[in-house]
C-alpha cells in the first residue's frame with residue numbers, strides 16, 4: 220500500500236531523495252517514518268515526522284538528512300545529502316496510524332536500495 224521510490228547508487232558525498240506515497244488514502248496517520256536495514260544488520264529508525272511537522276533523526280544522519288511530508292498527498296520524503304558508504308542499506312517507509320478505536324497499525328513499503336560507494 221506504500222510505494223517507495225528514489226533509491227539508487229551514488230558515490231560518497233552525493234545526494235538522493237526518497238519518496239513514499241500511499242496508493243490509497245490513509246487516515247489518522249500519527250507519524251511518517253523512514254527506517255533502514257544495512258546488510259546483515261537489524262532495521263532501525265532513520266527519521267520521523269509527526270502530523271504537526273515535528274521531526275526526529277538518528278544521530279548518524281543529523282545534519283545530512285531531512286524528512287518532510289505532504290499530508291494532502293499522503294507522501295513522505297527523505298532528502299539525503301553528503302551520503303557515506305555507511306548509509307548503504309535498504310530503506311523502508313512506514314506510516315504509524317491510530318485507528319478510530321485506538322488500534323495502532325503500521326503500514327510498510329517494500330523497501331528501496333541505497334548504495335553509496337567510496
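Numbering (the numbering used here), first residue to last: 220 to 337.
Glycine residues also receive a C-beta, built at the ideal position from the N, C-alpha and C atoms.
Helix or strand or just coil, what does DSSP make of residue i?
{"i": "residue 247", "result": "coil"}
{"i": "residue 337", "result": "coil"}
{"i": "residue 291", "result": "helix"}
{"i": "residue 228", "result": "strand"}
{"i": "residue 304", "result": "helix"}
{"i": "residue 323", "result": "strand"}
{"i": "residue 331", "result": "strand"}
Could you check how far apart the C-beta atoms of residue i and residue j are, in whole angstroms? I think they sit under 8 Å.
{"i": "residue 316", "j": "residue 245", "result": "6 Å"}
Which stretch, first to last residue, makes up the beta strand (DSSP E) that contains residue i?
{"i": "residue 236", "result": "235 to 241"}
{"i": "residue 315", "result": "308 to 317"}
{"i": "residue 280", "result": "First-last for residue 280: undefined, no H or E at that position."}
Is residue j closer than 7 Å to residue i when the C-beta atoms are compared?
{"i": "residue 268", "j": "residue 283", "result": "no"}
| Touch check for the region 220 to 234 and the region 265 to 282: three-plus C-beta pairs under 8 Å? | Note that the region 220 to 234 does not touch the region 265 to 282; fewer than 3 beta-carbon pairs, one per stretch, sit closer than 8 Å.
| field | Sufficient close CB pairs (3 or more, under 8 Å) joining the region 245 to 260 to the region 303 to 315 | value | Cβ pair count under 8 Å is three or more, so yes.
| said: When you compare the region 235 to 250 with the region 286 to 305, are there three or more beta-carbon pairs, one atom per stretch, that lie closer than 8 Å? | reply: yes
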